[in-house]
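Chains as they are written, first to last, in this note's numbering: chain A, 11 to 390; chain B, 30 to 425.
The beta-carbon is built from N, C-alpha and C at its ideal position, and this holds for glycine as well.
Since the structure is predicted, the reported quantities are computational estimates derived from the model, not experimental observations.
See below for the structure under consideration.
If you want it as structure tokens, here you go:
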């Protein structure tokens, strides 16, 4: 048992923290947000240069063969800086499908573009009525010759607006909620029959609603078994949940830090408001919430590498519950303790709150995951 | 970073578990499971079994009878002990005064007291809190006046846990009334049978008698009973309170209680089906289990950190352990109340010694719920823990 970072992991942390300290203050972030697509190609290039985009891929595929802990380190740093660039969509989700399900040809065709920063991905999964159920898919993929024709509507696809490649879930057989009969397909973002309606999200990222009408892809588009893709989807989404937990811990860390700083500097009644015990204890409760969240983020990271899918899923769900609760408390109290300033678009703290809020509702909210832990019979 | 236990650690867990299974007297285990208080004899009998095995003062330095275990081994030992469940070694002797004596005491004191703590020949109690000094402990007024080769002690202590069984007390006494409040305190130990010591029980809301008031009326104590230096007692008290950092989370106790909740909730029916099948109840329980898992991980982080950086400097995260640990313990006793519902009400006048045949298994659930309100109050109330986080961690 060991909670320390290895020497290499420490260096990774220093390098990603250093990069973001230099190139990602709040004003720079605003500039990146104003760029086409809502994020910075230049910064993305820097992430590629530092090898961060190739981290989880095996050395055979041109990556660094890093594990969950390295991803956790990077996601925490991205969370601290409120990074807009599509790391989750591209490296964790797109890359995750290729790593866990891709054929040798698919890996060779797509992974180099992720690692060198030339291609970004988006995971087109959510449908109008699917909510958090990954097995609820009504988009269809029908055989045509060797290939497939895909029809359906996907919503709130993160980075869906600018992604070069979409990873689309579609039903190859069975009914809307059958757990079998779901395929995962690689679809070029500019394929014929794709209509993308992009928009900014509440937390400053960008997403798109995507309509697929008679989109034709080849036989090489299916990742893994096109009739039984759900286990793969669950595995990759579990990794994305872990990544989100780590991102949330980073964002909570920074929210708490910023709030404590504000308590020390803001004066009322002639004294720093941090001298009031009511506010001190609130901040102490925020610290407790962050530490409990950090513990569960570590737990989920280590559990995400379990081979037993059921154990892995329960552990990740439990982490998402803790992170959801902690994030809500830390986010809301950060605003409360900043007072009126916390309500302004101009102050950074509100943006942490918004990102934390959206993380809770991504890939299953607190209630959803609590039900999953409950149905699994708990943890004790 | 690696969460798994090593092969040796897994083997150690097995060894500890087997020992508890074969050696904890079954009646003792059952009483603990049912939330009853143990008699003095039951506790001492078990502690002597533990000491004979060489595990009575496991975390002490080897020269005084300790085991030389790693932090992780201590963690495993405590968790297995709490989950079995078996009574933990008497904290006042083993975790509190023992370490103060081997760290600050002289050779004579070490020889005189340490072996008797290990063998439970002396039952120790703690004389810290006073009627006017709870959270503001340093305002304590019990006075020790030096007269020749004796201290004359006058004053009153309260919340003195199990003082009714105690042979010895370690006591914070004011030896310099002119100094700033933390500066004039000394750490003095003495015999509870000394003339002028009176113990009066305090009955708590669960009906039990765990705590007492202790009065000192011109109690004469030899000056060689002073531990360390005069007027340095506050430092020793802080050392003592910071020492028992990771046990306070009581993760094993809560795990054991959650198993009991599941067991009882599978037997008790509501609306024609076991309570355990009620979705609302199940979700509430799962929520507590998740909090407990997070706490367990936080505790492991503190344990691992302790192993790396050595003992002595309390990790501020230990305040998290106290706050969350007590909240979870209380939540589990609330869930037990919920399971038995209206059958929480009957009060068993026979108390802890009622025979199991005549006593319904529900009898201790409400008292245990009432009694567990103490856990967020003692050991530095949760509000004091928040003060510690505020200052030591957040720098406010």
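What is the DSSP secondary structure of residue i, counted as helix, strand or coil?
{"i": "residue 331(A)", "result": "helix"}
{"i": "residue 384(B)", "result": "Residue confidence for residue 384(B) is low, a pLDDT of 49 falling below 50, so the modelled location carries little weight; the figure read from the coordinates is stated next. Coil."}
{"i": "residue 22(A)", "result": "helix"}
{"i": "residue 172(B)", "result": "strand"}
{"i": "residue 206(A)", "result": "strand"}
{"i": "residue 303(B)", "result": "strand"}
{"i": "residue 255(B)", "result": "strand"}
{"i": "residue 180(B)", "result": "strand"}
{"i": "residue 292(B)", "result": "helix"}
{"i": "residue 423(A)", "result": "With chain A represented from 11 up to 390, any question about residue 423(A) goes unanswered, as that position is not in the structure."}
{"i": "residue 125(A)", "result": "helix"}
{"i": "residue 193(A)", "result": "strand"}
{"i": "residue 186(A)", "result": "coil"}
{"i": "residue 162(B)", "result": "strand"}
{"i": "residue 229(B)", "result": "strand"}
{"i": "residue 241(B)", "result": "strand"}
{"i": "residue 279(B)", "result": "coil"}
{"i": "residue 186(B)", "result": "strand"}
{"i": "residue 141(A)", "result": "coil"}
When the Cα atoms are used, what is the spatial distance from residue i to residue j?
{"i": "residue 10(A)", "j": "residue 312(A)", "result": "Residue 10(A) lies beyond the range of chain A shown here (11 to 390); nothing can be said about it."}
{"i": "residue 267(A)", "j": "residue 94(A)", "result": "21 Å"}
{"i": "residue 223(B)", "j": "residue 124(B)", "result": "24 Å"}
{"i": "residue 136(A)", "j": "residue 338(A)", "result": "23 Å"}
{"i": "residue 397(B)", "j": "residue 236(B)", "result": "10 Å"}
{"i": "residue 139(A)", "j": "residue 322(A)", "result": "26 Å"}
{"i": "residue 151(B)", "j": "residue 305(A)", "result": "40 Å"}
{"i": "residue 131(A)", "j": "residue 217(A)", "result": "12 Å"}
{"i": "residue 384(B)", "j": "residue 245(B)", "result": "A caution first: residue 384(B) carries a pLDDT of 49, below 50, which makes its placement in the model unreliable, though a value can still be read off. Distance between the alpha carbons of residue 384(B) and residue 245(B): 38 Å."}
{"i": "residue 77(B)", "j": "residue 208(B)", "result": "43 Å"}
{"i": "residue 98(A)", "j": "residue 350(B)", "result": "33 Å"}
{"i": "residue 382(A)", "j": "residue 324(A)", "result": "7 Å"}
{"i": "residue 304(B)", "j": "residue 64(B)", "result": "21 Å"}
{"i": "residue 375(B)", "j": "residue 363(B)", "result": "17 Å"}
{"i": "residue 260(B)", "j": "residue 271(B)", "result": "19 Å"}
{"i": "residue 147(B)", "j": "residue 106(A)", "result": "56 Å"}
{"i": "residue 219(B)", "j": "residue 160(B)", "result": "21 Å"}
{"i": "residue 67(B)", "j": "residue 85(B)", "result": "18 Å"}
Which residue or residues does DSSP assign as beta-bridge partners of residue i?
{"i": "residue 39(B)", "result": "In the DSSP output, where bridge partners are listed per residue, residue 39(B) has none listed."}
{"i": "residue 202(B)", "result": "215(B)"}
{"i": "residue 161(A)", "result": "150(A)"}
{"i": "residue 154(B)", "result": "198(B)"}
{"i": "residue 401(A)", "result": "Not covered by the structure: residue 401(A). The range shown for chain A is 11 to 390."}
{"i": "residue 376(B)", "result": "In DSSP, residue 376(B) forms no bridge with anything."}
{"i": "residue 271(A)", "result": "None; residue 271(A) has no bridge partner."}
{"i": "residue 399(B)", "result": "Paired residues: none, contrary to the question."}
{"i": "residue 220(A)", "result": "164(A), 206(A)"}
Determine the burial state of residue i: buried for a count of at least 16 other Cβ atoms within 10 Å of its Cβ, exposed for fewer.
{"i": "residue 75(B)", "result": "buried"}
{"i": "residue 21(A)", "result": "exposed"}
{"i": "residue 279(A)", "result": "exposed"}
{"i": "residue 258(B)", "result": "exposed"}
{"i": "residue 390(B)", "result": "exposed"}
{"i": "residue 212(A)", "result": "exposed"}
{"i": "residue 76(A)", "result": "buried"}
{"i": "residue 386(B)", "result": "Confidence in residue 386(B) is poor, its pLDDT being 48 and thus under 50, which makes the residue's placement unreliable; the coordinate value appears in the next sentence. Exposed."}
{"i": "residue 192(A)", "result": "buried"}
{"i": "residue 164(A)", "result": "buried"}
{"i": "residue 424(B)", "result": "exposed"}
{"i": "residue 355(A)", "result": "exposed"}
{"i": "residue 229(A)", "result": "exposed"}
Can you pull the chain D neighbours of residue i, defined as C-beta to C-beta under 9 Å?
{"i": "residue 15(A)", "result": "Protein chains in the displayed structure are A and B, and chain D is not among them."}
> Between the region 146-162 of chain A and the region 97-117 of chain A, do at least 3 Cβ pairs fall closer than 8 Å?
Replying inline: no
>> Assess contact between the region 269-285 of chain B and the region 319-331 of chain B, defined as three or more Cβ pairs (one per stretch) separated by less than 8 Å. Is contact present?
In response: yes
> Is it a yes or a no for the region 236-250 of chain B touching the region 173-186 of chain B, going by three-plus beta-carbon pairs under 8 Å?
Replying inline: yes
> Should the region 268-278 of chain A be called in touch with the region 34-41 of chain B, which here means at least 3 C-beta pairs below 8 Å?
Replying inline: no
> Taking three-plus beta-carbon pairs below 8 Å as touching, is the region 292-304 of chain A in contact with the region 363-376 of chain A?
Replying inline: no
> Per the contact definition of three or more C-beta pairs closer than 8 Å, is the region 250-263 of chain A in contact with the region 86-93 of chain A?
Replying inline: yes
>> Closer than 8 Å is the cut-off here; do at least three beta carbon pairs connect the region 30-46 of chain A with the region 350-360 of chain B?
In response: no
>> For the region 328-344 of chain A against the region 47-58 of chain B, do three or more pairs of beta-carbon atoms, one drawn from each stretch, fall closer than 8 Å, so that the two count as touching?
In response: no
>> Whether or not the region 67-75 of chain A and the region 240-248 of chain A are in contact is what I'm after, with contact meaning three or more pairs of Cβ atoms, one per stretch, closer than 8 Å; do they touch?
In response: no
> With a cut-off of 8 Å, do at least 3 Cβ pairs link the region 247-257 of chain B to the region 164-180 of chain B?
Replying inline: yes
>> If contact is defined by three or more beta carbon pairs under 8 Å, each pair taking one atom from either stretch, is the region 97-117 of chain B in contact with the region 284-291 of chain B?
In response: yes
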